[in-house]
Amino acid sequence: VDLSTFYATYTHKVGRAGKPGSHLLKEVQNGDYGLDCVMLDRTSQPGKALCKLYEARPMQCRTWPFWAEVVESSEAWDDAAKDCPGMNTGSLYSEEVITRDSLL
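Numbered by my numbering, the letters in the sequence shown go through residues 36 to 139 in order.
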């Protein structure tokens, strides 16, 4: 699929009218899960949620769960972790590494 079709089909623009803005991936309603990213695949491998764009995922995905509203408090972190089985697992990263990698 060409880039303009991808943007039109799978993203929505955010920002003020008439001003340059960013695009975010669309979300779709998914039963018991609430809103899922349009690129999240919950059917090809039952019990797993897989990203169709993992190797080329956009900034909004590369920086999750280190979004300001998630890291502002331990309560916000714990609330987000309820819906994200990958949180609180794996390696622990310093703030320096998170900041550096989110700029790639």
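Beta carbons: idealized from backbone N, C-alpha and C, even for Gly.
Could you tell me whether the Cβ atoms of C86 and M74 are closer together than 8 Å? yes
Endpoints, the beta strand (DSSP E) within which C72 is located: 70-72
Which class does E107 belong to by DSSP, given the choice of helix, strand or coil? coil
Taking a contact to mean a Cβ-Cβ separation below 8 Å, would you say P100 touches A84 in this structure? no
With DSSP as the reference, label D76 as helix, strand or coil. strand
Beta-carbon spacing of T40, L59 below 8 Å: no
Using a threshold of 8 Å, state whether the C-beta atoms of S57 and V49 are closer than that. yes
Identify the residues that DSSP records as bridge partners of V49: which are they? S57
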